[in-house]
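Here this note's numbering is used: the first residue of the sequence shown is 4, the next is one more, and so on.
Even for Gly, the Cβ is constructed at its ideal location relative to N, Cα and C.
Small disclaimer: the values here were computed from a predicted structure and weren't measured.
For reference, the structure discussed in these notes is given below.
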Amino acid sequence: MSADTPRRIVLLRHAKAEWSQESDHERPLADRGRHDAPAVGRRLASAGFTFDLALCSTAARTRETWKLAVQELPERPRTVYEERMYEASPGELIALLNEIPDDVHDVVLIGHNPGMHALADVLAADAEGDHLARMNRSGFPTSAYATLTFNGSWKSVEPGAGTLVDFWAPHA
4 MSADTPRRIV LLRHAKAEWS QESDHERPLA DRGRHDAPAV GRRLASAGFT FDLALCSTAA
64 RTRETWKLAV QELPERPRTV YEERMYEASP GELIALLNEI PDDVHDVVLI GHNPGMHALA
124 DVLAADAEGD HLARMNRSGF PTSAYATLTF NGSWKSVEPG AGTLVDFWAP HA
């Protein structure tokens, strides 16, 4: 695969989590989250997504979201649980994207807000239709995802490198 091949990034916010006595990192999914996570997987599958790589935060709620969503996909991608995604800034998330090998075409990041929303805003130089307005109006709720495309090497991902081509949220 050439470095200037079109690539796709899906930014998925974890499903609804419980507010509990656990540390923030160990908060489990709420009942609604356990219902919404498979719905996200079905939506990704019906949109034809096949991922080469999944980068998932190590937080309990992101791991549980991905475990439920990935079961709905036609193929299970290689999954890397990445500590650096927890509470990551857009710059830190871009640095992770820059580390992806160029043989990877489509990647999904399973993470947290405000990072997922901010990263989508930072990467999107352009947007198709009303996706950007809908994303900003909704505030990137739990179980939402944004899809961006760009051309080039993963090392070339930087602010303004992508086009927002889809935004979806289960309750929006």
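Item                                                                                                                                                                                : Value
So, with DSSP's three-state summary, where would you put residue 92?                                                                                                                : coil
Roughly how many angstroms separate the alpha carbons of residue 102 and residue 158, rounded to a whole number?                                                                    : 7 Å
Note down, in chain order, each residue of its chain lying with its Cβ closer than 7 Å to the Cβ of residue 184, except the 5 sequence neighbours on either side.                   : The chain is shown from 4 up to 175; residue 184 falls before or after that span and cannot be answered.
Using the three-state DSSP reduction, which class does residue 118 fall into: helix, strand or coil?                                                                                : helix
Less than 8 Å separating the beta-carbons of residue 21 and residue 11?                                                                                                             : no
Would you mind working out which of 37, 25 and 84 sits nearest residue 19, comparing C-alpha positions?                                                                             : 37
Pull the bridge partners of residue 109 from the DSSP assignment, please.                                                                                                           : 11
Using the rule of at least 16 other Cβ atoms within 10 Å of the residue's Cβ for burial, across every protein chain shown, is residue 172 buried or exposed?                        : buried
If the criterion is Cβ atoms closer than 8 Å, does the pair residue 17 and residue 68 meet it?                                                                                      : yes
To which residues of the same chain is residue 25 closer than 8 Å at the C-beta, ignoring the five residues directly before and after it?                                           : 31 and 63
How big is the Cα-Cα spacing for residue 112 and residue 132?                                                                                                                       : 23 Å
When you compare the CB positions of residue 1 and residue 146, do they come within less than 8 Å of one another, or not?                                                           : A question about residue 1 goes unanswered here, because the residues of the chain that appear run from 4 up to 175.
Contact criterion: CB-CB distance below 8 Å. Does residue 147 meet it with respect to chain D?                                                                                      : This model lacks chain D altogether; it includes just one protein chain.
Count the other C-beta atoms from every protein chain shown that fall within 10 angstroms of the C-beta of residue 174, then say buried if there are 16 or more, exposed otherwise. : exposed
Between the Cα of residue 65 and those of 45, 90 and 50, spot the shortest distance and give me the residue it belongs to.                                                          : 90
Compare the C-alpha of residue 104 against each of 71, 156 and 57 and name the closest.                                                                                             : 156
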